[in-house]
Amino acid sequence: MRDYIIKRLFQMIPTIIVITLVVFAMMQAIPGDPIISLLGDAYDEEDAEKLRGEYGLNKPIYVQYFRWVSKLMRGDWGESILSGRSILNDVLIRLPVTIELIIVAMIVALIIAIPAGIIAAIRQNTWGDYTAMSTAMIGISIPDFFLGVLLLLLFSISMNGFLPSSGWVYLPGTCPSVVCEASWWGNFKHVVMPAIALGVGRAAILTRLLRASMLEIIRMEYVTTARAKGLGERLVILKHALKNALIPTVTIMGLQIGFLIGGAIVVETLFAIPGLGTYGINAIIARDYQQVQGFILLVAISFVVLNFLVDLVYSFLDPRIRYN
Amino acid sequence: MKRFLLTAVAVGEAVPAAPAKARSETLWAQTSRRLKRSNTAVFGLLVVVALILVAAFADVLAPYSATDTNPNAMFQMPNSQHLLGTDQLGRDMLSRIIYGSRVSLTVGLSSVVLAVFIGLPLGLIAGYYGRLYDTLVMRAMDVILSFPVILLAIIIMVMFTPTDGFWGIIKVTMAVAIVRIPIYARLVRGSVLSIKEKEYIEACHALGQRDVKVLLKHILPNCLAPLIVAGTLSVATAIIVEASLSFLGVGIQPPTPSWGWDLKANVAWIQDNAWLALAPGFAIFITVLSFNLFGDGLRDALDPRLK
Numbered sequence: 004m005r006d007y008i009i010k011r012l013f014q015m016i017p018t019i020i021v022i023t024l025v026v027f028a029m030m031q032a033i034p035g036d037p038i039i040s041l042l043g044d045a046y047d048e049e050d051a052e053k054l055r056g057e058y059g060l061n062k063p064i065y066v067q068y069f070r071w072v073s074k075l076m077r078g079d080w081g082e083s084i085l086s087g088r089s090i091l092n093d094v095l096i097r098l099p100v101t102i103e104l105i106i107v108a109m110i111v112a113l114i115i116a117i118p119a120g121i122i123a124a125i126r127q128n129t130w131g132d133y134t135a136m137s138t139a140m141i142g143i144s145i146p147d148f149f150l151g152v153l154l155l156l157l158f159s160i161s162m163n164g165f166l167p168s169s170g171w172v173y174l175p176g177t178c179p180s181v182v183c184e185a186s187w188w189g190n191f192k193h194v195v196m197p198a199i200a201l202g203v204g205r206a207a208i209l210t211r212l213l214r215a216s217m218l219e220i221i222r223m224e225y226v227t228t229a230r231a232k233g234l235g236e237r238l239v240i241l242k243h244a245l246k247n248a249l250i251p252t253v254t255i256m257g258l259q260i261g262f263l264i265g266g267a268i269v270v271e272t273l274f275a276i277p278g279l280g281t282y283g284i285n286a287i288i289a290r291d292y293q294q295v296q297g298f299i300l301l302v303a304i305s306f307v308v309l310n311f312l313v314d315l316v317y318s319f320l321d322p323r324i325r326y327n
Numbered sequence: 002m003k004r005f006l007l008t009a010v011a012v013g014e015a016v017p018a019a020p021a022k023a024r025s026e027t028l029w030a031q032t033s034r035r036l037k038r039s040n041t042a043v044f045g046l047l048v049v050v051a052l053i054l055v056a057a058f059a060d061v062l063a064p065y066s067a068t069d070t071n072p073n074a075m076f077q078m079p080n081s082q083h084l085l086g087t088d089q090l091g092r093d094m095l096s097r098i099i100y101g102s103r104v105s106l107t108v109g110l111s112s113v114v115l116a117v118f119i120g121l122p123l124g125l126i127a128g129y130y131g132r133l134y135d136t137l138v139m140r141a142m143d144v145i146l147s148f149p150v151i152l153l154a155i156i157i158m159v160m161f162t163p164t165d166g167f168w169g170i171i172k173v174t175m176a177v178a179i180v181r182i183p184i185y186a187r188l189v190r191g192s193v194l195s196i197k198e199k200e201y202i203e204a205c206h207a208l209g210q211r212d213v214k215v216l217l218k219h220i221l222p223n224c225l226a227p228l229i230v231a232g233t234l235s236v237a238t239a240i241i242v243e244a245s246l247s248f249l250g251v252g253i254q255p256p257t258p259s260w261g262w263d264l265k266a267n268v269a270w271i272q273d274n275a276w277l278a279l280a281p282g283f284a285i286f287i288t289v290l291s292f293n294l295f296g297d298g299l300r301d302a303l304d305p306r307l308k
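Here the protein sequences line up with chains A and B, keeping their order.
If you're matching positions, the first sequence starts at 4 in the numbering used here and goes up one per residue.
If you're matching positions, the second sequence starts at 2 in the numbering used here and goes up one per residue.
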């Protein structure tokens with residue numbers, strides 16, 4: 004297990020290098036000369052040349068890249084042009100909110116998908132199966148932000164604000180500033196709608212997958228053996244069949260992380276949740292490219308780290324992975 | 002040897018429209034027969050065709066302009082003049098939905114075509130020639146896959162600077178296509194890897210056929226079935242990605258009407274004018290649903306064993 008973890012850690016290095024290259028290329032491609040916008044009306048050729056020298060902008064592009072990366076590694080992610088605040092600090096404060104949303108959405112997906120997948124498989128071609136599969140089809144086709152709007156209408160607008168339509172209450176002890184609210188119940192009320200909006204699409208995909216792998220497994224001989232030796236149906240399904248049917252489901256859940264991160268950006272914008280997504284989108288609208296850069300770097304690196312963690316969980320569940 | 006040759010011809014030509022003289026039913030005939038039996042797939046196809054017609058004839062069908070504002074007709078409830086009401090600038094919502102279909106369908110369909118056009122040859126080369134080609138192509142795909150889909154699309158849109166009109170659509174199409182290339186490259190590479198081990202390909206080599214001919218005539222047609230299914234289902238995903246970009250404000254820019262942007266803009270008025278946000282939302286949902294229904298039906302029809 005230790006060797007596997009070390010191997011996977013080393014595999015992350017080239018990915019992170021690629022991410023920095025893409026983000027650097029993006030910053031280069033953004034139209035407009037930063038020096039011109041920095042000097043504004045006070046622009047003159049001599050001052051501009053001096054500033055270019057100061058920021059190293061007259062150096063060859065690869066020198067600029069290495070200087071930029073070494074600054075990033077030292078924790079200097081720049082300052083926001085608009086607010087002057089440290090970017091690394093700002094994005095790190097917002098990361099836990101986005102992570103919480105993703106984790107709760109994943110739990111929602113599993114709570115729906117596991118029973119629905121099992122019922123659809125053991126009652127194949129009955130109305131239970133058809134209901135589960137048609138609901139899954141709708142779940143796959145409905146964009147997360149539209150489901151969010153429907154939930155808003157149902158639980159917030161028509162129920163007189165039973166669930167809050169926007170904003171955030173932090174988990175106790177995670178408050179990033181002095182002026183924010185923190186409570187368990189408040190946090191739950193704020194996370195539940197966005198998490199359902201984000202989780203239902205994933206639940207639909209997992210349900211279809213779990214049904215397919217369950218159908219395959221309940222026809223296997225070892226399941227027949229389990230039945231033949233007199234085990235109850237509940238035990239056969241939940242203990243013998245489900246365990247093996249879950250392996251492909253977990254793999255696909257790992258692949259869903261990218262969609263969950265992307266979806267979180269969208270859903271956060273809809274519910275005005277102070278996570279990474281709203282930070283990034285506001286930065287793009289305000290054209291604060293230092294903030295955009297920080298947002299993209301942190302989201303992309305979180306993606307790599309989350310994939311790594313899922314691989315660890317997976318190799319723990321299915322030891323065969325480690326030896327290949 | 003002669004037997005090998007015969008199978009080569011039979012398998013190689015079974016997938017594209019084979020000559021009508023072929024003794025057994027062609028795969029296409031079989032597929033469309035199975036497809037017709039699935040009500041949901043037919044329903045999906047009909048809605049898709051209807052939507053394409055709506056987008057094509059938007060100028061004729063839309064009762065009003067999608068962009069002309071009317072200060073005397075703001076926030077009208079759905080009525081006989083404005084079937085879906087009007088928005089905060091007095092623009093007719095039905096007309097905006099009709100014109101908005103152009104963006105969704107153009108981006109959805111053409112981004113998939115573009116992604117297949119790039120991904121297919123990459124997958125063929127990687128799978129067929131292997132070694133260095135394979136490593137190069139697959140590493141390039143890994144670069145794309147090291148970002149979440151929406152995030153990479155956002156990065157590309159920031160680089161392109163989102164605009165309205167024709168160029169706006171081109172930019173969004175390219176962004177949505179680029180993030181989806183690896184899907185097709187990987188799919189085709191996988192099929193090529195298994196097909197190239199088949200005996201009829203060995204027979205082609207034994208006959209001294211050139212690589213290009215083997216690839217295009219014998220391998221390519223056999224990769225098409227899964228590619229068509231993936232492509233159809235991908236249109237649904239592409240439309241969601243486009244709508245998400247518009248929703249975030251980094252897709253196509255106003256005044257060009259798009260469903261995602263309209264949904265976002267009208268969420269602000271949801272308290273009193275919910276239908277303004279519901280109309281574009283349902284438009285996206287129904288479009289995506291029909292492509293999914295048709296794609297699922299197509300998959301079951303092409304390979305009934307998967308059902």
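Ideal Cβ placement from N, Cα and C applies to all residues, glycine included.
Bridge partners of T87/B, per DSSP?
-> D93/B
State yes or no: is the beta carbon of T101/A nearer than 8 Å to at least one beta carbon in chain B?
-> no
Contact set for I122/A: own chain, Cβ-Cβ below 8 Å, skip 5 residues either direction = G131, D132 and A135
State yes or no: is the beta carbon of V272/B nearer than 8 Å to at least one beta carbon in chain A?
-> In the sequence as presented, Val is not what sits at residue 272/B; that position holds Gln. Yes - at least one Cβ of chain A is within 8 Å of the one on Q272/B.
Between Q77/B and the rest of its own chain, which residues show a CB-CB distance below 6 Å, the 5 nearest in sequence each way excluded?
-> H83, G86 and T87
When you compare only the Cα positions, how much space is there between L125/B and T138/A?
-> 37 Å
Which residues in chain B sit within 8 Å of M109/A, going by Cβ to Cβ distance?
-> Those do not exist, as M109/A stays about 15 Å from chain B at its closest Cβ, beyond 8 Å.
If I'm right that A112/A touches R205/A with Cβ under 8 Å, what's the distance once you round it to whole angstroms?
-> 4 Å
Which residues of chain B have a Cβ atom closer than 8 Å to the Cβ of V313/A, listed in chain order?
-> None at all; the shortest Cβ gap to chain B is about 14 Å.
Could you list which residues in chain B have their beta carbon closer than 7 Å to that of L155/A, in chain order?
-> I271
Can you give me the start and stop residues for the alpha helix (DSSP H) that I1/B sits inside?
-> The shown model of chain B, from 2 to 308, leaves out residue 1/B, and the question about it has no answer.
Can you name the start and end residues of the alpha helix (DSSP H) that P118/A belongs to?
-> I90 to I125
How far does the alpha helix (DSSP H) with W171/A in it reach, from first residue to last?
-> Where W171/A is concerned, there is no enclosing alpha helix (DSSP H), given that its DSSP letter is neither H nor E.
Any idea what DSSP makes of E82/A, helix, strand or coil?
-> strand
Scan the segment 103-136 of chain B for residues whose Cβ lies nearer than 9 Å to a Cβ of chain A and list them as they occur along the chain.
-> none
In three-state DSSP terms, what is A185/A?
-> strand
Are the beta-carbon atoms belonging to Q272/B and I160/A less than 8 Å from one another?
-> yes
What residues from chain B crowd round F306/A, counting only those whose CB sits closer than 8 Å?
-> S147, F148, P149 and L152
Compare the C-beta of A18/B against all C-beta atoms of chain A and say whether one is closer than 8 Å.
-> For A18/B, the predicted model reports a pLDDT of 48, less than 50, meaning its position is unreliable and no value from the coordinates is stated.
Kindly list the residues whose CB is nearer than 6 Å to the CB of A251/B, restricted to its own chain and excluding five residues on each side of it in sequence; keep chain order.
-> Per the sequence shown, the amino acid found at residue 251/B is Val instead of Ala. Excluding residues within five positions, the ones whose Cβ falls inside 6 Å are I155, M158 and P163.
Grab me the residues of I115/A's own chain with a C-beta within less than 6 Å of its C-beta, minus the 5 sequence neighbours each way, in chain order.
-> A206
Can you give me the start and stop residues for the alpha helix (DSSP H) that S81/B sits inside?
-> Premise fails: S81/B is in no alpha helix (DSSP H) and is neither H nor E.
Boundaries of the alpha helix (DSSP H) in which D47/A is found, first to last residue = Counting along the chain, D47/A falls outside any alpha helix (DSSP H), and DSSP gives it neither H nor E.
Measure how close the beta-carbons of A124/A and L218/A come, nearest whole angstrom, since I'm counting them as under 8 Å.
-> 5 Å
Nearest-angstrom Cα separation, counted from A42/B out to A302/B | 10 Å
Does the Cβ of R97/B lie closer than 7 Å to at least one heavy atom of the ligand GTP?
-> In the structure shown, the ligand GTP is absent, as is every other ligand, since no ligand is present at all.
Three-state secondary structure assigned by DSSP to D6/A | helix
Sequence-distant residues of the same chain with beta carbon closer than 8 Å to R55/A, five excluded per side = I38 and N61
Residue nearest to R92/B in terms of C-alpha spacing, selected from H206/B, P64/B, R103/B and S102/B = P64/B
Could you name the residues of the segment 233-252 of chain B whose beta carbon sits closer than 8 Å to any beta carbon of chain A, in the order they occur along the chain?
-> A237, I241, A244, S245, F248, L249, G250 and V251
Spell out a yes or no on whether the segment 15-30 of chain A and the segment 293-312 of chain A are touching, meaning 3 or more CB-CB pairs, one atom from each, closer than 8 Å.
-> yes
Just the Cα atoms here: how many angstroms apart are Y1/B and R126/A?
-> This structure leaves residue 1/B out entirely; chain B is present only between 2 and 308.
Members of the segment 237-265 of chain A that neighbour chain B once the beta carbon cut-off is set at 9 Å | I260, G261, F262, L263, I264 and G265
Give the C-beta separation of S102/B and A74/B to the nearest angstrom, bearing in mind that I take them to be a contact with Cβ-Cβ under 8 Å.
-> In fact, because the Cβ distance is near 23 Å, the residues do not count as touching under 8 Å.
Compare the C-beta of V138/B with all C-beta atoms of chain A and state if any pair is closer than 8 Å.
-> no
Determine, using beta-carbon pairs with one atom in the segment 239-247 of chain B and one in the segment 108-128 of chain B, whether at least three such pairs fall under 8 Å.
-> yes
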